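Quick note: the sequence shown, position 622, residue 621 per numbering that gives the first Met the number 0, numbers continuous.
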Amino acid sequence: MKKISISLILSVLVGLSTATAQTIADGQRYTRNEEFEKAEQVYKDLIVKKPKVGDNYYWAGLNYLAKGDSMSAVKMFNDGLGIAPTNPYNLIGKGHMELRKFNTQGAEVFFAQASAAKKKLRPVLNKEIARVYLMVEFGTSEQLKAYAARAIDYLKNSNQDFEAKILLGDAMLVQNPTNSSDAIQQYIVASYDAPADPRPILRQAKVYARASAYPLSIAKLDEALALDVNFAPAYRQKAEVFSLMKERDSAVYFYEEYLRRNDNITARKFYVQTLYLGGDFDRCISEGNKLLAVKSIPNIYGVIAYAIAEKDKAKRRLIDSALNYYFYNYEQQYIKPQGRELQSSENFIKAILMYRSGLASGNDTTKQMMAASSYSILSMVLSDTGKTSIKSYQRIQDLYFNGKSYEQAYGVLELKRKKLAGVLNSRDLYFEGRCLAATGRNADALKIYQELITNDTNYLTGYYLIATTWAGLDANDSTGNVTAAFERWMGKLDSTQRVKFVNDRENAYRNMAFFAQKRKDYEKASYYYGKVIEIRPEDEATIAVKKRIDDYIVKVKAKANKPKPSATPAATDTTGAAIALTVTVTGVTGETQGEVSGVITTEPFPDCIPCVFTWLVPLLKDPPPPPS
């Protein structure tokens, strides 16, 4: 037998080790491709082999954040600092966790420490600081815009590489969500630097999807896949776009293509959720149960329960079946063996299903009881501020509001105020005002709408709601506040918006005409009816009303200028003659709300004019949409 040299054996082993060893770059690539479990395994192996290299902990933490597991991310950053207390990357990770609590000052302390630790790396570290600013996915629009501004400041002093340019585009999009042209331009610039990388093209596709430009989004996704046919996020994004387009079969097809390239527990969880959102409830239930056979995932029990409930919303039996499914399978098979109680996220699902069961009952008393019971659970969940996401507040608030449980919806918004230190975004303020108005608290609603336009001076709906709320407080506009509010709203409209809100303008002018008549300001009434006729020149009834008012004005002026006779005979004046008026009322959506008929007199006491709420009630029932 030939002897094999020890050196030869060692060289072969070293060669094999080099060939199979994975690096941080491999983990980063897996994370970008949403192969989170593979990335996690890479970092675990790296930490075992080199436990004192602090960078490994940071990138492992970012992978957990991308996966949606912030608790594991916190542990990883802390472990990294425990091993290497001055490691700049883990200091940045700790700073990110402070940002999630909106403690910008505390975060900046960690960022300053990171920069001081490795001055030579400062440009690279600045890019990472910008990255973690942009990874905060919840908060008010103002808070997120402030974070984006800080990210841009750090990127100005970064290494200005390919990734920095992508991050700059992301920050621009957060700062100006209604105008994405700057962000898209930045993504295009990034593509020039790395023409083979699909990530900036994926970013463009997401922007187009957000703007409902679905064909453009799909074209960009095809372009990304032409660069890398195995780029899994592009398949998932395609599935989401087709889902938005209500093309369910295409959505499922592309998600299955995603799974072919990225078949892991996390991907399967997303798949089950996609089936639910796409309305394929039977397959959602089937695939969800297959997943649970492999691993017990808390929210999948809830998704399956929702799918059961959604199969026929009108049948309380099915919703109750969903409740029973969730609590029998979940509590008996998952919770009790652990010897514990339901946690916040689990109680969240329980309360929602309880409330929906009440909505499906058709019994007002049952609805009220379910609303109260579910709210007592949800308020406890929401008070657990460390574990409840901002998105959960919106979800619960929408659930109550759409179910006309306005007190509960308002209560959720107040809890959200507490979590966000008193600051709500425009959408929240819209719903808060609507809840107050729906429960008869118009004065409080008015304060909220004032706060809304103070925060967002360009939000037209806020000005409109102020006018209608004033009308609820002063039906005769004795103070002139209603007319002033309507005038302010219309003064904000540009030429395009004047066309868009033509129905609202018509109703506003009709009401202002009514108010002017009540005040016996007939010239103003004539003016406002004239504005109605400009919008509806075919409206013969309004033309007739305006003519009678104008005739009366002429008669009064002539009477005032006429010399007084020595004796005044009894007059047989017919100026108070009445006419029938039928007004077609249109709401803010442009749809006909119905017709209002009444008798209108023009002189001099038009008290039989239908009340202002004749026209305003449809507006209050069908208000403008909330901010996006």
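Cβ atoms here follow ideal geometry from the backbone N, Cα and C, with glycine treated the same way.
None of the values given here were measured: they were computed from a predicted structure.
Coil, strand or helix - residue i by DSSP
i       : result
Thr-659 : In the structure displayed, the chain extends from 0 to 627; residue 659 sits before or after that span and is not available.
Asn-263 : coil
Asn-441 : helix
Ser-179 : coil
Thr-273 : helix
Asn-32  : coil
Leu-514 : Here residue 514 turns out to be Phe, not Leu, going by the sequence shown. Looking at Phe-514 - three-state DSSP - the assignment turns out to be helix.
Ala-129 : helix
Lys-117 : coil
Gly-421 : coil
Ser-216 : helix
Val-481 : helix
Phe-500 : coil
Asn-288 : helix
Phe-101 : coil
Ser-211 : coil
Asn-454 : helix
Gly-278 : coil
Arg-394 : helix
Ser-157 : coil
Pro-87  : helix
Leu-201 : helix
Val-108 : helix
Asp-473 : coil
Environment of residue i [buried if 16+ CB atoms lie within 10 Å]
i       : result
Asp-493 : exposed
Lys-390 : exposed
Ile-264 : exposed
Ala-281 : The residue you asked about is not Ala; residue 281 is Asp in the sequence shown. That one is exposed.
Lys-556 : exposed
Lys-155 : exposed
Lys-245 : exposed
Lys-237 : buried
Asp-503 : buried
Asn-62  : buried
Val-498 : exposed
Asn-178 : exposed
Val-302 : buried
Proximal residues to residue i (C-beta, below 7 Å), its chain only, five neighbours per side dropped
i       : result
Asp-443 : Leu-435
Lys-632 : Shown here, the chain extends from 0 to 627; a query on residue 632 therefore has no answer.
Lys-37  : Tyr-29
Arg-259 : none
Ile-217 : Lys-237 and Val-240
Glu-256 : Tyr-234
Glu-590 : Here Glu-590 scores only 40 on pLDDT, less than 50, and its place in the model should not be relied on; the value that follows carries that caveat. Contacts found: none.
Asp-192 : Phe-161 and Lys-164
Inter-residue CB distance, residue i and residue j (contact presumed, cutoff 8 Å)
i       : j       : result
Tyr-254 : Tyr-275 : About 12 Å; that fails the 8 Å criterion.
Ala-233 : Leu-224 : 5 Å
Ile-376 : Asn-346 : 5 Å
Asn-261 : Ala-231 : 4 Å
Ala-59  : Met-75  : 5 Å
Tyr-153 : Ala-129 : 4 Å
Start-to-end residues for the alpha helix (DSSP H) that takes in residue i
i       : result
Phe-76  : 69-82
Phe-137 : Note, Phe-137: premise wrong, no alpha helix (DSSP H); not H, not E.
Ala-238 : 231-243
Lys-403 : First-last for Lys-403: undefined, no H or E at that position.
Ile-296 : Unbroken run through Ile-296: none, as it is neither H nor E.
Asp-169 : 161-174
Asp-54  : 53-66
Val-553 : 539-560
Ser-525 : 521-534
Close beta carbons around residue i, own chain, < 6 Å, minus the five adjacent residues each side
i       : result
Val-188 : Lys-164
Pro-445 : Position check: residue 445 holds Leu in this sequence, whereas Pro was assumed. For Leu-445, where only same-chain residues beyond five positions count, the Cβ hits under 6 Å are Thr-468.
Glu-97  : Gly-105 and Ala-106
Asn-424 : Thr-139 and Ser-140
Gly-277 : Ser-242, Arg-247 and Ala-250
Arg-267 : Leu-290
Tyr-186 : Gly-168, Pro-199, Arg-202 and Gln-203
Asp-227 : Pro-197
Other residues of its chain near residue i: CB distance less than 8 Å, five sequence neighbours each side excluded
i       : result
Lys-294 : Ile-264
Thr-573 : Because Thr-573 sits at a pLDDT of 42, beneath the cut-off of 50, its placement in the model cannot be relied upon, and the following sentence gives the value as read from the coordinates. Cβ neighbours of Thr-573 beyond the five flanking positions: none.
Phe-101 : Gly-138, Gln-142, Leu-419 and Ala-420
Thr-273 : Ala-238, Glu-239, Ser-242, Ala-250, Val-251 and Tyr-254
Asp-549 : Ser-525
Tyr-64  : According to the sequence provided, residue 64 is Leu. The question's Tyr does not apply to it. The residues are Ala-72, His-95 and Met-134.
Leu-201 : Lys-219, Leu-220, Ala-223, Phe-230, Pro-232, Ala-233 and Gln-236
Residue i: CB within 7 Å of a non-hydrogen atom of the ligand MG
i       : result
Lys-556 : This structure simply doesn't include the ligand MG, nor any ligand for that matter.
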